[in-house]
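Numbering (UniProt numbering), first residue to last: 1 to 131.
Put into structure tokens, the structure is as follows:
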């Protein structure tokens, strides 16, 4: 493997994120990977996006484009969900991958981190209306 392929692989792993506000809701769409090498960046992203969400929220984190999400990233999501809950903002994950739902349930976080399969379902479930 040459330097070009190593560089390409690193670029693909990087965490990417876009965020938008929709009324009191904040929607964050993330892609790439979240692992030990970029957990600080992940935490910074979650903290900043959560700070933008105001009650009644919600804060929706769409992880459909993540290629990998480590256990530490789920723990950070859970902590942010707990902090947001105290401010009257609900956090919800969006993922169309069954392994996300299984990981959340296996960690015992399914009540704190509800998972919906589409952004529309998450917004409908959390706000009572479709985006």
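Here a beta-carbon is modelled for each residue, glycine too, at the ideal position from N, C-alpha and C. These numbers were taken from a predicted model, which means no experiment stands behind them.
Identify which residue in the options has its Cα closest to the Cα of residue i.
| i | options | result |
| --- | --- | --- |
| residue 16 | 23, 46, 72, 22 | 46 |
| residue 106 | 93, 74, 87 | 74 |
| residue 91 | 100, 122, 18 | 122 |
| residue 64 | 126, 125, 115 | 115 |
| residue 119 | 60, 76, 88, 113 | 60 |
| residue 99 | 117, 87, 76, 111 | 117 |
| residue 26 | 14, 40, 84, 110 | 84 |
| residue 20 | 53, 39, 42, 44 | 53 |
| residue 32 | 40, 14, 18 | 14 |
| residue 72 | 111, 22, 40 | 40 |
For residue i, list the residues DSSP reports as bridge partners.
| i | result |
| --- | --- |
| residue 28 | 19, 61 |
| residue 34 | 69 |
Please state if the CB of residue j and the CB of residue i are separated by a distance shorter than 9 Å.
| i | j | result |
| --- | --- | --- |
| residue 70 | residue 36 | yes |
| residue 103 | residue 80 | no |
| residue 34 | residue 68 | yes |
| residue 78 | residue 113 | yes |
| residue 24 | residue 62 | no |
| residue 66 | residue 89 | no |
| residue 55 | residue 97 | no |
What alpha helix (DSSP H) runs, 4 residues minimum, are completely inside the stretch 87-119? 98-106
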